[in-house]
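First up is the structure itself, then whatever we jot down about it.
In the numbering used here, the protein residues as written are 39 to 145.
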């Protein structure tokens, strides 16, 4: 009897752990796909939305100054290209899926 209860508790804990892992994976998925290409003296950053995105902000640092690009209302499946001069510093990408829900990535 005690062995049966122990098996049931272990199986329940295992199922609960799997559910928590799946939920964490879903919550941490990026809402976009990003591709960066160097084309001569320019860099092309292509963003493909995996779901509707309210706003994308791209900040590029170049020789002590920065350039900022913004694109609003990107629909699921839509591609947006940002072209700017090549820089050795990383690009800062801020994505706002819904107002108040911002995530920043370095590309």
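Beta carbons are placed, not taken as given, at the ideal position from N, Cα and C, and that holds for glycine.
Exercise. Residues bridged to residue 76 by DSSP?
Worked result: What you label residue 76 is simply residue 38 of the chain shown in a count that begins at 1. Looking at the DSSP assignment, residue 76 forms a beta bridge with 81.
Problem set entry | Range of the contiguous alpha helix (DSSP H) that encloses residue 49 | On the chain shown, residue 49 is found 11 positions in, with the first residue counted as 1. 40-65 is the extent of the alpha helix (DSSP H) around residue 49.
Exercise. Residue 120: which of 105, 126, 114 sits nearest, CA to CA?
Worked result: Taking the first residue of the chain shown as 1, we reach residue 120 at position 82. The residue with the shortest Cα to Cα distance from residue 120 is 105.
Problem set entry | C-beta contact flag for residue 117 and residue 142 at 8 Å | Position 79 of the chain shown, counted from the first residue, corresponds to residue 117. Position 104 of the chain shown, counted from the first residue, corresponds to residue 142. Not a contact, by the Cβ cut-off of 8 Å.
Problem set entry | Whole-number beta carbon distance between residue 114 and residue 89, since they are thought to touch under 8 Å | For the purposes of this step, residue 89 is taken as residue 51 along the chain shown, with counting starting at 1. For the purposes of this step, residue 114 is taken as residue 76 along the chain shown, with counting starting at 1. The Cβ separation is near 5 Å, so the contact holds.
Problem set entry | Residues that residue 123 bridges to, as DSSP identifies them | Within the chain shown, numbered from 1, the residue matching residue 123 stands at position 85. For residue 123, which the question treats as bridged, DSSP gives the partners 80.
Problem set entry | residue 70 beta carbon less than 8 Å from that of residue 86 | By 1-based counting over the chain shown, the position of residue 86 is 48. By 1-based counting over the chain shown, the position of residue 70 is 32. In this structure, residue 70 lies closer than 8 Å to residue 86 by Cβ.
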